[in-house]
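**Q** Dropping a structure here in structure tokens format, bear with me for questions.
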DNA sequence: CAGTACTGACTGACCAGTCAGTAACTAGGC
DNA sequence: GCCTAGTTACTGACTGGTCAGTCAGTACTG
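Residue numbers (the working numbering), protein chains in the order written: chain A, 8 to 220; chain B, 8 to 220.
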């Protein structure tokens, strides 16, 4: 179990390399990231990277897939949730998304994709079908139900879903792009609570009904 | 005036190079952008780039500054606008910001900065003080006034300002990152109108007052 | 013909990707 | 237990391609 130097751990390597690569890619971007840095961060030499991944691009794809898959599992559970009111379901769903974004690498991943998807359109498309559509459809369904039941005022569900998601997306990206420079960003919990409050209030036909905070 | 080939136009070059560079940087990112491509797009050879800019990084900074400055001027005018109600002022201010983002290169610039600011923290800081603070403060002032006059419900002005801005930021970034891949994004005008409607409704103490669309 | 805007072949650095060599483990014979 | 031959995870010096940055030379201008 103790491996001071040059130890052999075939099973652990891919995971270690992927998480090291995620860090470096998020920090530098794909083009500026050096595989020597990734290897060093994972405690191996560059040659080892090529034992487990075909190329830099293959490593990049593996990083995206690994991160996204762990996130999809977390999101999967919430879809089947049949809670009381629409605003209640929306609150719970958004809370889970927010948590997933911040506690899994999905947030970092999103920032990485925003920066790089122009150079990797296939990955952008894959991300769209695997993650974005799923979350979008779930949000739309909740809002559409709320509108149908008369709890929400008659907003177009697809646009409203985008609007609900936007502030959280913005915070995730902004934090990761400028967080180091702009120290006075609001704390995540407060941001989440206040934002959801304004959004739900904006959707409700009878204001004050779905309030919580 | 007509310059078929190898003509001399000292005054026009910097501007041409900057706008060519903006395109290439936005498309590829700083690290992956090649100066040969920038030069070709501007209709000159790579050597010419170095007659007007010290280095690739200097060109990058020039791109940012040129784009941001043209935007600041456009925003400057709106601040001194003393229009009727707070929701009216907010609508007008956001409309100008939205227009500036889409009609000047500021939107492209923002996407570029999101992708690269980790590698250029000074530029991130500069952008923060020159653009972000200004817009943020203007938005906060409008919302704070609306709250003080009782038109808006008592939300924290700083957080509310971030919330108002987020959807537009998100749309700008999303469009530029994934626009080519996801064809069914809402058209900008409709997105703007619907979003502002939900947001203003969410802020108002007496719903329906500040409506327009 | 003097001055200058511009060119494009060249250099040197950097880095993705390779591969001959090494160290760590394993199985089997004693 | 100890040696040994075979296997495999890992290393790091090396290669080849790419590209930022240079500069001697060219073509246009007045």
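By construction, the Cβ of each residue, glycine as well, lies at the ideal position given by its N, Cα and C atoms. Every value quoted in this text rests on a predicted model; they were computed, and no experiment measured them.
Grouping DSSP H, G and I as helix and E and B as strand, with all else coil, what is residue 198/A?
**A** Within the first chain, residue 198/A is the residue found at index 191, counting from 1. In the structure shown, residue 198/A sits in a helix (DSSP, three-state: H, G or I).
**Q** Any idea which residues DSSP pairs residue 6/B with across the strands?
**A** Shown here, chain B extends from 8 to 220; a query on residue 6/B therefore has no answer.
**Q** With a CB to CB cut of under 7 angstroms and the five nearest residues on each side skipped, what residues in its chain are close to residue 90/A?
**A** The sequence position of residue 90/A within the first chain is 83, counting from 1. For residue 90/A, where only same-chain residues beyond five positions count, the Cβ hits under 7 angstroms are 96 and 99.
**Q** Per DSSP, what kind of secondary structure is residue 4/B in: helix, strand or coil?
**A** The structure shown does not extend to residue 4/B, since chain B is modelled only from 8 through 220, so no value can be given for it.
**Q** With 16 other CB atoms within 10 Å as the buried threshold, where does residue 17/B fall?
**A** As a first step, residue 17/B is located in the second chain; it is residue number 10 there, counting from the start. So residue 17/B counts as exposed.
**Q** Figure out for me which residue from 122/A, 82/A and 116/A has the closest Cα to the Cα of residue 103/A.
**A** To locate residue 103/A, count along the first chain from 1; it is residue 96. Among 122/A, 82/A and 116/A, the Cα nearest to that of residue 103/A is on 82/A.
**Q** Please classify residue 41/A: is it buried, with 16 or more other beta-carbons within 10 angstroms of its beta-carbon, or exposed?
**A** Position 34 of the first chain, counted from the start, is the residue given in the question as residue 41/A. Looking at its Cβ environment, which holds fewer than 16 other Cβ atoms inside 10 Å, residue 41/A is exposed.
**Q** Would you say the region 123-133 of chain A touches the region 178-197 of chain B, given that touching needs at least three Cβ pairs under 8 angstroms?
**A** Short answer: they touch.
**Q** Would you identify the three-state DSSP class for residue 75/A, choosing helix, strand or coil?
**A** Sequence index remark: in the first chain, residue 75/A carries index 68 (1-based). Reduced to three states, the DSSP call for residue 75/A is helix.
**Q** Mapping DSSP to helix, strand and coil, what is residue 127/B?
**A** Looking up residue 127/B in the second chain gives position 120. In this structure, residue 127/B counts as coil in the three-state DSSP scheme.
**Q** Relative to the alpha-carbon of residue 113/A, which residue among 93/A, 137/A and 126/A has its alpha-carbon at the smallest distance?
**A** Looking up residue 113/A in the first chain gives position 106. Cα-wise, what sits closest to residue 113/A is 137/A.
**Q** In three-state DSSP terms, what is residue 60/B?
**A** To locate residue 60/B, count along the second chain from 1; it is residue 53. In the structure shown, residue 60/B sits in coil (DSSP, three-state: anything other than H, G, I, E or B).
**Q** Under 8 angstroms between beta-carbons, which chain A residues line up against residue 174/B? List them in chain order, please.
**A** Within the second chain, the letter at position 167 stands for residue 174/B. What residue 174/B touches in chain A: 169, 170, 173, 174 and 177.
**Q** Within 10 Å of its beta-carbon, does residue 204/A have 16 or more other beta-carbons around it, so buried, or fewer, so exposed?
**A** Working through the first chain from its first residue, we reach residue 204/A at position 197. The residue in question, residue 204/A, is buried, as its Cβ has 16 or more Cβ neighbours within 10 Å.
**Q** With 8 angstroms as the threshold, decide whether the Cβ of residue 115/A is near any Cβ in chain B.
**A** For the purposes of this step, residue 115/A is taken as the residue at position 108 of the first chain. Output row for residue 115/A: interface = no.
**Q** To the nearest angstrom, report how far apart residue 116/A and residue 111/B are at their CA atoms.
**A** The count along the first chain starts at 1 and reaches residue 116/A at position 109. The count along the second chain starts at 1 and reaches residue 111/B at position 104. Going from the Cα of residue 116/A to the Cα of residue 111/B covers about 29 angstroms.
**Q** First and last residue of the alpha helix (DSSP H) that includes residue 155/A?
**A** Here the question's residue 155/A lines up with position 148 in the first chain. 140-155 is the span of the alpha helix (DSSP H), which, as asked, contains residue 155/A.
**Q** Taking all protein chains shown into account, do 16 or more other C-beta atoms lie within 10 angstroms of the C-beta of residue 62/A, making it buried, or fewer, making it exposed?
**A** Working through the first chain from its first residue, we reach residue 62/A at position 55. Counting Cβ neighbours within 10 Å, residue 62/A comes out exposed, since fewer than 16 surround it.
**Q** Which residues, in chain order, does the region 189-202 of chain A contribute to contact with chain B at a C-beta distance below 8 angstroms?
**A** Going along the region 189-202 of chain A in chain order, one finds 189, 193, 197, 198, 201 and 202 with a Cβ nearer than 8 angstroms to chain B.
**Q** Could you give the first and the last residue of the continuous alpha helix (DSSP H) run that contains residue 44/B?
**A** Within the second chain, residue 44/B is the residue found at index 37, counting from 1. Taken as a continuous stretch (DSSP letters only), the alpha helix (DSSP H) holding residue 44/B covers 42-49.
**Q** Quick one: what's residue 159/B bridged to in DSSP?
**A** For the purposes of this step, residue 159/B is taken as residue 152 along the second chain, with counting starting at 1. Note: residue 159/B sits in a beta bridge opposite 211/B.
**Q** Span of the alpha helix (DSSP H) holding residue 37/B?
**A** Translated into positions along the second chain, residue 37/B becomes position 30. Note, residue 37/B: premise wrong, no alpha helix (DSSP H); not H, not E.
**Q** How would you write the range of the alpha helix (DSSP H) that residue 192/A sits in, first residue to last?
**A** For the purposes of this step, residue 192/A is taken as residue 185 along the first chain, with counting starting at 1. Segment: none, residue 192/A is in no alpha helix (DSSP H) and carries neither H nor E.
**Q** If you draw a straight line from the C-alpha of residue 124/A to the C-alpha of residue 174/B, how long is it?
**A** On the first chain, position 117 is the one that residue 124/A refers to. On the second chain, position 167 is the one that residue 174/B refers to. Answer to the nearest angstrom: the Cα atoms are 20 angstroms apart.
**Q** Using 8 angstroms as the threshold, is the C-beta distance between residue 33/B and residue 119/B below it?
**A** The sequence position of residue 33/B within the second chain is 26, counting from 1. The sequence position of residue 119/B within the second chain is 112, counting from 1. Yes, these two residues count as a Cβ contact at 8 angstroms.
**Q** On a Cα-Cα basis, can you pick out the residue from 156/A, 206/A and 23/A that is closest to residue 162/B?
**A** On the second chain, residue 162/B is found 155 positions in, with the first residue counted as 1. Ranking 156/A, 206/A and 23/A by Cα distance to residue 162/B puts 206/A first.
**Q** Which residues, in chain order, does the region 15-34 of chain B contribute to contact with chain A at a C-beta distance below 9 angstroms?
**A** Answer in chain order: 33 and 34.
**Q** Can you tell which of 93/A, 101/A and 22/A has the C-alpha that lies nearest to the C-alpha of residue 149/A?
**A** For the purposes of this step, residue 149/A is taken as the residue at position 142 of the first chain. Nearest C-alpha to residue 149/A: 93/A.
**Q** Quick check on the DSSP output: the alpha helix (DSSP H) that includes residue 104/A runs from which residue to which?
**A** Working through the first chain from its first residue, we reach residue 104/A at position 97. Note, residue 104/A: alpha helix (DSSP H), 93-110.
**Q** For residue 78/A, which option in 58/A, 109/A and 66/A has the closest C-alpha, if you only look at C-alpha atoms?
**A** Residue 78/A sits at position 71 when you count from the first residue of the first chain. Checked all of 58/A, 109/A and 66/A; the closest Cα to residue 78/A is 109/A.
**Q** Look at the Cβ atom of residue 57/A, then the Cβ atom of residue 24/A, and state whether they are nearer than 8 angstroms.
**A** The residue labelled residue 57/A in the question sits at position 50 within the first chain. The residue labelled residue 24/A in the question sits at position 17 within the first chain. No, the Cβ-Cβ distance between residue 57/A and residue 24/A is not below 8 angstroms.
**Q** Show which residues of chain B have a CB atom less than 9 angstroms away from the CB atom of residue 187/A.
**A** For the purposes of this step, residue 187/A is taken as the residue at position 180 of the first chain. In chain order: 124, 125, 128 and 131.
**Q** Below 8 angstroms CB to CB, which residues in the same chain sit around residue 121/B once its five sequence neighbours on both sides are set aside?
**A** Taking the second chain and counting its residues from 1, one reaches residue 121/B at position 114. Only 180 meet the Cβ criterion.
**Q** Looking only at C-alpha atoms, which of 127/A, 171/A and 172/A sits nearest to residue 71/A?
**A** Translated into positions along the first chain, residue 71/A becomes position 64. Among 127/A, 171/A and 172/A, the Cα nearest to that of residue 71/A belongs to 127/A.
**Q** Are there 16 or more other CB atoms within 10 angstroms of the CB of residue 170/B, so buried, or fewer, so exposed?
**A** The count along the second chain starts at 1 and reaches residue 170/B at position 163. Its Cβ being crowded by 16 or more others within 10 Å, residue 170/B is buried.
**Q** Per DSSP, what kind of secondary structure is residue 132/B in: helix, strand or coil?
**A** Residue 132/B sits at position 125 when you count from the first residue of the second chain. Correct three-state label for residue 132/B: helix.
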